[in-house]
């Protein structure tokens, strides 16, 4: 067989770059890893492996709606957790005792890279005999309790579209190395064949995006997409379509039935990756530590601004990783500043808390800074009791979702200048809501 022909371990089938990606992440986490086409795909595979249909999963209501639909697709019932209002981490002590006893699993979010209280959640899950899943899409470089985020759960999923910037790919990591083969087979069975058109689109996407940025055509591009009916989100949340969703839920577990919701923002989320795609992802992953350094610098700058926490809440102090939900000062006082080896967490986005978040979004847009990763309203307000158990204490999630402005730390200086120019005011500390210790 000639070099490059299809066959076991050949370059063409992508096995070599895929194994390289898995080995790189295994070195970072100390866990067996499976390359998957997306974080959402890996999460679905994990939920199906561990959770019986009809099980109840505790999760954050300030979360991507796609993840909510992945939980539904797996045949599970989302249960929305009370949140710490300062950073949207799960407030363990505010979860009712009867809720803990009804759960089949817990799913963390680690929103914007701020860790959920994984050590405490791990202890609760162990006591209940249920799995802990970590969604580490935003937190590939964060640490809590002296471990990387993603090293606490029975399984964890990572996105290679976020910090890595590859616009594709994910990792499913497992605590039990003996499960790696079984989960790898599950993923293989769920994958759809790669499409040449999808690979070509992926290949040219960076150049098309660079042209749009260089010619300052972002607004024109969005208007054209909307005119052609290609915009899937007119608002922050995608359209729920409750009647269609109810029919899909009735057929769950069924990923295909939920595809109209799960595919939003990433239509190739379950396609088998081609050689070119895997190679680009691997090259971007090689530069991850440089990205972390830049993210830490921007995070430090943003956390030093007056918008990093509301007036009335004490400013974060440096502290050892994992010392609390914020790992940087009084529990829950603000975004997590302390990360690996006591340094700054390389946050994916820094949630500044603004009195008028929407006005701040417009101020940044005038400077050419697009704000994404907004999760407002919370999932229980968005989907309703027909599809999820609501949080017993929704106020913290609502307050955070309304005021949080997720700023890319790689654009920290330009963002600060835009906010200063616009006269943006920090949010006032919410009356009656006190940051907790998780």
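Numbering (UniProt numbering), first residue to last: 1 to 438.
Note that CB positions come from ideal geometry on N, CA and C, so glycine has one too.
None of the values given here were measured: they were computed from a predicted structure.
Asked, Found
"Residue 108 - containing beta strand (DSSP E), residue span", "105-108"
"In chain order, each beta strand (DSSP E) run of at least 3 residues that lies wholly inside the region 381-438", "404-407"
"Coil, strand or helix - residue 35 by DSSP", "strand"
"Beta carbon of residue 405 nearer than 7 Å to that of residue 354", "yes"
"DSSP three-state assignment for residue 229, whether helix, strand or coil", "Model confidence at residue 229 stands at a pLDDT of 47, short of 50, so the residue's coordinates are unreliable and nothing is read from them."
"Assigned exposure category for residue 485 - 16 Cβ within 10 Å defines buried", "As displayed, the chain neither begins before 1 nor continues past 438, which places residue 485 out of reach and without an answer."
"8 Å Cβ shell around residue 130 - same chain, five flanking residues per side excluded", "103, 104, 105 and 106"
"Exposure of residue 79, with buried meaning 16 or more beta-carbon neighbours within 10 Å", "buried"
"Helix, strand or coil at residue 102 [DSSP, three-state]", "coil"
"CA-to-CA distance, residue 45 to residue 33, given in whole angstroms", "13 Å"
"Beta-carbon proximity of residue 281 to residue 166, cut-off 7 Å", "yes"
"Cα-Cα separation, residue 396 to residue 86", "8 Å"
"Continuous beta strand (DSSP E) stretch holding residue 251: start and end", "Per DSSP, residue 251 belongs to no beta strand (DSSP E); it is in the alpha helix (DSSP H), 242-251."
"For residue 130, the three-state DSSP class (helix, strand or coil)", "coil"
"Touching by the beta-carbon criterion (3+ pairs, under 8 Å), the region 166-179 and the region 16-32", "yes"
"Span of the beta strand (DSSP E), counted from its first residue to its last, around residue 158", "155-159"
"Contact the region 57-69 vs the region 15-31: 3+ CB pairs below 8 Å", "no"
"Sheet register partners of residue 351 (DSSP bridge)", "406"
"Alpha carbon of residue 239 to alpha carbon of residue 273, nearest angstrom", "29 Å"
"Sheet register partners of residue 143 (DSSP bridge)", "148"
"Residue nearest to residue 265 in terms of C-alpha spacing, selected from 65, 47 and 17", "65"
"Inter-stretch contact (C-beta, 8 Å, three-pair minimum) for the region 67-81 and the region 375-391", "yes"
"Contact belief for residue 91 with residue 83 at Cβ below 8 Å, rounded distance in angstroms", "6 Å"
"Beta-ladder partner(s) of residue 90, from DSSP", "83"
"Residue environment, residue 430, which counts as buried when at least 16 other CB atoms sit within 10 Å", "buried"
"Simplified DSSP assignment, three categories, for residue 287", "coil"
"Option nearest residue 162 by Cα separation, candidates 122, 133 and 111", "111"
"Best match in 120, 297 and 81 for proximity to residue 345 [C-alpha to C-alpha]", "297"
"Buried or exposed by the 16-neighbour rule on C-beta atoms within 10 Å, applied to residue 256", "exposed"
"Local conformation of residue 195 per DSSP, three classes", "coil"
"Three-way DSSP call (helix, strand, coil) for residue 271 in this model", "strand"
"Local Cβ density within 10 Å of residue 144, reported as buried at 16 or more and exposed below that", "buried"
"Beta-carbon proximity check, residue 38 vs residue 269, cutoff 7 Å", "yes"
"Sequence-distant residues of the same chain with beta carbon closer than 8 Å to residue 312, five excluded per side", "428 and 429"
"Helix, strand or coil at residue 236 [DSSP, three-state]", "coil"
"Straight-line gap, residue 407 to residue 114 (C-alpha atoms, nearest Å)", "13 Å"
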